[in-house]
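Residue 74 in the working numbering sits at position 74 of the sequence shown; the count goes up by one each step and never skips. Built from N, CA and C at the ideal position, the CB exists for glycine as well.
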Amino acid sequence: MINRVILVGRLTKDPILKKVPSGDSVAEFTLAVNRKYGTQQADYIKCIVWRKMAENVYKYCSKGSTVGIEGKLQSRSYDNTQGHKVYVVEVICDLVTFINTKKSESQHTEGSNCQSDMSISSEIKEENI
Numbered sequence: 001m002i003n004r005v006i007l008v009g010r011l012t013k014d015p016i017l018k019k020v021p022s023g024d025s026v027a028e029f030t031l032a033v034n035r036k037y038g039t040q041q042a043d044y045i046k047c048i049v050w051r052k053m054a055e056n057v058y059k060y061c062s063k064g065s066t067v068g069i070e071g072k073l074q075s076r077s078y079d080n081t082q083g084h085k086v087y088v089v090e091v092i093c094d095l096v097t098f099i100n101t102k103k104s105e106s107q108h109t110e111g112s113n114c115q116s117d118m119s120i121s122s123e124i125k126e127e128n129i
């Protein structure tokens with residue numbers, strides 16, 4: 001089976017960086033990807049980034065930054081605080097390309113790639129994010 005996602009879009013807000021109990025860094029952000037057809041609409045895709053790549057995304061990207069991502073689509077569910085089951089679909093990124101970053105330090109990183117080591121299982125639990 002093939003599960004490969006390639007997207008280019010803009011961050012809707014600054015990325016959030018957290019540490020999981022294992023000590024690994026994990027960042028999440030939402031990517032706005034414009035649709036080519038119809039009225040000006042966009043899809044909003046939740047993206048998860050791990051380890052050093054997560055730290056780089058947090059350091060160099062902010063709301064409005066344009067990035068390209070490659071990864072796999074993953075779905076999961078969890079019970080929220082009201083006891084309702086919530087279903088989530090997200091992209092687990094193994095490559096992030098900084099196309100146009102908004103942070104001033106980013107002038108050295110525009111157009112650079114950041115690749116993840118996805119050899120370690122990356123199950124995410126809602127309470128860890």
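- The C-beta of residue 42 has fewer than 16 other C-beta atoms within 10 Å across all chains shown, which makes the residue exposed.
- Looking at 35, 83 and 10, the one whose alpha-carbon comes closest to that of residue 29 is 10.
- Here the alpha carbons of residue 81 and residue 45 stand approximately 23 Å from one another.
- Counting along the chain, residue 57 sits inside the alpha helix (DSSP H) bounded by residues 51 to 60.
- Taking 8 Å as the cut-off, the Cβ atoms of residue 32 and residue 16 do not count as close.
- The closest CA to that of residue 69, considering only 21, 50 and 85, is found on 50.
- Along the length of the segment 2 to 59, whole beta strand (DSSP E) runs at least 3 residues long occupy 5 to 11, 16 to 19, 25 to 34 and 42 to 50, reported in chain order.
- Around the Cβ of residue 53, a 10 Å sphere holds 16 or more other Cβ atoms; the residue is buried.
- Cβ-Cβ distances below 8 Å link residue 79 to 85 and 86 in the same chain, with the five nearest sequence neighbours on each side left out; the list follows chain order.
- DSSP, reduced to helix, strand and coil, places residue 72 within a strand of the structure shown.
- As DSSP reads the structure, residue 79 sits in a beta bridge with 85.
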